[in-house]
Structures are given as C-alpha cells and as structure tokens.
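Q:
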Amino acid sequence: MSTDRLKARLLASAAAIVLSTPAFAQDEPLNVLATVAMIADVAANVAGECAAVSSLLGAGSDPHLYRATAADVDKLAGADLIFYVDPALEARLADVLAGFADRTPTVGLARAAFDGDALLDDPGEAGAIDPHLWMDVSRWVRIAPVIADAIAEQRPGCADAMAANVESYTARLDALHGWVGDAIASVPEGQRLLVTAHDAFEYYSAAYGIEASEAIEGISTESEASIGDIREVAAFVAQSGVPAVFVETTINPRTIEALVAEVQSQGHDVTIGGELFSDAMGDAGTAEGTYIGMIRANTVTVTEALGGVLPDWPEALHDWADDWNIAY
Ligand SMILES: [Zn+2]
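Residues -25 to -1, 1 to 303 in mature numbering (1 follows the signal peptide of the UniProt record, and there is no 0) are what the sequence shown lists, from first letter to last.
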C-alpha cells in the first residue's frame, strides 16, 4: 500500500471515529430522574429504551415532607433530565431543584402540562395549587406527551417511537379512567363520601363523582392535625353516616384511628375501610408499585368499603393484569 493511500485510510477511519462518537452518545439511554414514582412510571412507559428512569421517593415517602439526602443530590447531579410535580407538593425539595435548573433541564409538570383551568387551588394557601393531579387519570395522562417532548429534546431520534408509546399508554389510561368512574358510580348515592387523613382526593372526587371529601389535614401534610380538626371531621362523619374512613400509606394511621375513636365518642360507628396510596405508589415490583395498579388498588378499596360493586376490568388492561397475575 502506498504511503498516500495509507494516509487516506487513516484519515478516513479517524473521521469515522469522530463521526461515530456523537452517534454513540445518542444511543445511550437518557438518564431521567423524577421526584415521585407516579411520574417515573409514566416516563418509563413513554420512553421505552430511550431512557433509564428512576425516582427519588419510594413507597411510603411523603413528598410534602421529604428532604434531599446527600445521595439524592448525587443522583440529581448525574441526571440528564429532571421531573417534579410542583413546589406545592415537593416543598422541601424546591430549593435543591431550583439549584439544578440552571444546568440540567428541570420540568415542573403541573405547570408544564396544565393550564390554570385544569388546576384546583389550595384553599388553605393563597396562590398555591392542589398538586394531587395523578388522582384524576384523565388529567395525569396529559403529562405523557410533555415528558416525551422533553426527552426528545435530547434524543430526537426517539421522537417517533415515543409518540407511539404515548398513544398506546394513553389508550390504557383512558380505559382505566372509564373503569374508575363506573366503579364509583356503583356506590349508592349518599355513600359516595371520601374521608381521609389529608386532602389528596379533590381531583379524584371531582373526576369520579365523589359527593363530598373531607380530610383531617389540608392539601399539604406540613401542619400537624389538631384535636379541633379531628372533631370537625368526626362531626361530618357522624352527621352524614359515612360507612368507612381511610388511612394513607404515607401518613401515620394514628390520625385516622383518633378520628374513629372521636366518632365513637359521639355515639356513632365507623370502620377503617383500608389503606389508600395517596402521595406514593406501592413497593416497586408489585402491581401497586405501578401507576395503573395504584389507582386500581385505591378504587377497589374505596368501592368495596363504601358499598359499591366493581365493574369488569377493561379489556385494554388485560395484558397489564396478566403481567401481575391479577384475575379479571
Ligand atoms: Zn398530599
């Protein structure tokens, strides 16, 4: 081989290496970090193989009270893209997230995916929103295309695949939304009353026809429940004949136990209808550790405790149920 031809070959292979480096980086899954798992599950469904998705808060963690650990700060520093709901939810992470926003795309989904009309206000705090948007499936599904767009900014080659994922995941969530509405509609009128430890179910109530929801603590869990709060809710339970009240996985059950005792001291009876996943999903690796499973579990618990009858599980979600060995 002549020296000139060898040089030309070497130059060509060097050029190929230079060209292939960004292409290789594009093939690496994007490192996506969410605060709560309700976001991470939607992101994982949307992103497919285009992103490696994780969340900071696990089962049982209350996002209203959660503070970043040193390990969390390392995870945030290693992320290519960060999602959270709103400072109205992750109040004690807000400063840390704002600090990362200068160097890493950081998306607050309540503001990015919803215009003001779709958001409920926090009646307890002027200017703050109610962040519990995942409780209405028809609302929460709106974060899927926003997440896809944010990932596509850094992985444009993934846009088409993610659009297809958004479409199929949306179809599943549409089916879930219809099923929840049918389930709650089966509860006799006058019994569609949801009493919980904190006020996380306003979107659920509005979407699915709960007649009234009452909670001991407000939209945030930052202020402790007072005896006065418990007496007030106990009076509502006694007057309205609520058959059951609910504990939450992220809140100490003693608050609801105190409520039951107070109702009984007023001469009425009420049972604890079960445990709801309000601000965190169940354990990873269980059905309740998925967004679909969280909403399903809450709806099964509420419907059965309040005297309703569960409708048939939708066909669009049969494969989901098969994955978790859930009979339908
Ligand atoms: Zn909450």
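All residues carry an ideal CB built from backbone N, CA and C; glycine is no exception.
Do V208 and L168 count as a contact pair if the criterion is CB distance below 7 Å?
A: no
Q: Report the CB separation of I104 from A160 in whole angstroms; it is logged as a contact under 8 Å.
A: Their Cβ separation, rounded to whole angstroms, is 28 Å, which puts I104 and A160 out of contact at 8 Å.
Q: Terminal residues of the continuous beta strand (DSSP E) containing V7?
A: L5 to A9
Q: Taking 7 Å as the limit between beta carbons, can you name the residues of its chain near V284, skipping five residues before and five after?
A: Cβ neighbours of V284 beyond the five flanking positions: S161.
Q: Helix, strand or coil: which one does DSSP assign to V60?
A: coil
Q: Please state whether DSSP places L285 in a helix, a strand or coil.
A: When secondary structure is reduced to three states using DSSP, L285 falls in the coil class, being assigned neither helix nor strand.
Q: Does the segment 76 to 94 come close enough to the segment 109 to 119 to have 3 or more Cβ pairs within less than 8 Å?
A: yes
Q: Excluding five sequence neighbours on each side, which residues of the same chain lie with their C-beta closer than 7 Å to the C-beta of P106?
A: V60, D61, A63, L64 and A85
Q: So, does the segment 126 to 139 touch the segment 180 to 199, judging by three or more C-beta pairs under 8 Å?
A: no
Q: I think N20 touches D55, with their Cβ atoms under 8 Å apart; what is that distance to the nearest whole Å?
A: Cβ-Cβ separation between N20 and D55: approximately 18 Å, too far for a contact (criterion under 8 Å).
Q: Please classify Y303: is it buried, with 16 or more other beta-carbons within 10 angstroms of its beta-carbon, or exposed?
A: exposed
Q: Whole angstroms is fine: what's the gap from W295's alpha carbon to N140's?
A: 15 Å
Q: How about G99 and G193: do their beta carbons lie closer than 7 Å?
A: yes
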